[in-house]
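Residue numbers (the working numbering): 206 to 384. The beta-carbon is built from N, C-alpha and C at its ideal position, and this holds for glycine as well. First comes the structure, then the notes that go with it.
Laid out in structure tokens, this is it:
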């Protein structure tokens, strides 16, 4: 999931736009460093979780909650900024960067001060994940009780241009966290 930069560099080279790619890469790297520095106190004090419905995920059981961490599709950019995602692979997962939980075990996210979730570019949370967030068991999580569940548009960016939009979304979330 975190190989998007390498793939993008290869494509840029193949079509002869390496200079443009390098400019955007530099802009991205600078923005990552700036956000990490600006929000260092928040990042140091805050444990994050990223979750979404597992609907449509290969290998996931029906009604499961997908928790991502490390270099996952939805967390790799945030991890570069310095967000620390809780979680560890479990037996239900076939990926080293994810865990699958039945809804009844969503308390696995209780250690997170802030829960991030997938969102469309307009900020709307997709149906299956929105349904998950409306469940009583999810609403009982400390982060939910504290109003610290935030949609993260562009979380699964796969180019530096779209990753800059992810960083905009992250900055918006980080602005709303009291450390």
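- With a 10 Å radius around the Cβ and a threshold of 16 neighbouring Cβ atoms, residue 358 comes out buried.
- Residue pairing by DSSP places residue 258 opposite 270 in a beta bridge.
- Closest in alpha carbon position to residue 248, among 284, 279 and 231, is 284.
- In its chain, beyond the 5 residues on either side, 346 and 347 have a beta carbon closer than 8 Å to the beta carbon of residue 315.
- Sequence-distant partners of residue 221 (beyond 5 residues in either direction) whose C-beta falls short of 7 Å from its own C-beta are missing from its chain.
- The C-alpha of residue 364 is placed about 20 Å away from the C-alpha of residue 241.
- Check the Cα spacing between residue 336 and each of 211, 269, 223 and 253: the tightest is with 269.
- In this structure, residue 354 places its C-beta atom within 8 Å of the C-beta atom of residue 338.
- Following the DSSP letters along the chain, one finds residue 211 in no beta strand (DSSP E) but inside the alpha helix (DSSP H) bounded by residues 209-219.
- Excluding residues up to 5 positions away in sequence, 270, 342 and 343 lie with their Cβ nearer than 6 Å to the Cβ of residue 311 in the same chain.
- Residue burial is scored here from C-beta neighbours: residue 325 has fewer than 16 other C-beta atoms within 10 angstroms and is therefore classed as exposed.
- In the same chain as residue 313, and ignoring 5 residues on each side of it, the C-beta atoms closer than 6 Å to its own belong to 306, in chain order.
- Rounded to whole angstroms, the gap between the alpha carbons of residue 289 and residue 382 is 14 Å.
- Separation of the CB atoms of residue 233 and residue 369 is rounded to 6 Å, and the pair is thereby assigned contact status at 8 Å.
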